[in-house]
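Numbering (my numbering), first residue to last: 34 to 250. We put the CB at the ideal spot given by N, CA and C, even for glycine. All values derive from a computational prediction rather than experimental measurement.
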C-alpha cells in the first residue's frame, strides 16, 4: 500500500447495480482502500448492506475497510465481515461496553482493528486501548452527504498528538476538495469520501481531485 495521505472511497454512495464497475473506476485512478459502511438500524437509524457487499469486491486487489455502525458488533458481525474479506474492521466506542474484547476479536480473525468515535465523544477512549486505526467522525454517523462539523480540526489535532505514531488516523464525514487539505494539515492520514466521489458524474476525476487537495494539506 502506498504512503499517506490516502483517500478511501465509501461505497455507501455508490450505485450497487454497477458496484464493481464503479469501484474499478476509482481503483484505476489510484484508490487502494475501499470503505464499507455497515448500519444496523439501531446504533444509527438507517439500515445498509451486509457481508455480501464485501464478498462482491473480493479478488479486486483492494484493501476493504469495514466500518461497523452497529450495536454489539462482537456478537456476530466481526466474524461475518472477516470471513467476507475485510482487511480492517472498525467498531464504535459508543456501540459496546466490551470495546477491548471486540478489538481483540477483530485481530483474532486476522484483521486490523479500528476504533471510531462520534463527534461528541471525547478522545480519552484511545488512552485505554490499542488500535491499528483511529477514526474521527466529523459528521454524525448514519447518513452520507453531510457537511464537515466546525471544530473537528481541533479534535483531529488532539487525536494525532495522543495516538502512537504507528496508529493510522482516519477522518470520515464531509470530506471533499475543500476539507481534505485542512484535515490532513491537522493530522489526518486517511480520508473517507463517499458522496463527493460516487455522487458525481466522474468518480475517478473526483477521487483524483480530493487526493490532490489532501496532498496539498
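Buried versus exposed call for residue i [16 or more other C-beta atoms within 10 Å across all chains shown]
i           : result
residue 223 : buried
residue 114 : buried
residue 234 : exposed
residue 64  : buried
residue 51  : exposed
residue 231 : buried
residue 134 : exposed
residue 200 : buried
8 Å contact criterion, which residue i and residue j should meet: CB distance rounded
i          : j          : result
residue 67 : residue 45 : Not really, about 11 Å apart at Cβ, beyond 8 Å.
Of the residues the options, the one placed nearest residue i, counting alpha carbons only
i           : options            : result
residue 227 : 179, 72, 188       : 179
residue 203 : 234, 239, 233, 122 : 122
residue 81  : 61, 102, 90        : 102
residue 147 : 250, 137, 238      : 137
Secondary structure of residue i, DSSP reduced to three states
i           : result
residue 42  : strand
residue 87  : helix
residue 141 : helix
residue 147 : strand
residue 67  : strand
residue 212 : helix
residue 119 : coil
residue 192 : helix
Within-8 Å CB hit, residue i to chain D
i           : result
residue 139 : This model lacks chain D altogether, as it is built from one protein chain only.
*Taking 8 Å as the threshold, find out whether the segment 103–117 comes into contact with the segment 163–174 through three or more Cβ pairs.*
no
*Using 8 Å as the Cβ pair cut-off and three pairs as the minimum, do the segment 206–223 and the segment 237–247 touch?*
The segment 237–247 and the segment 206–223 touch, with three or more beta-carbon pairs separated by less than 8 Å.
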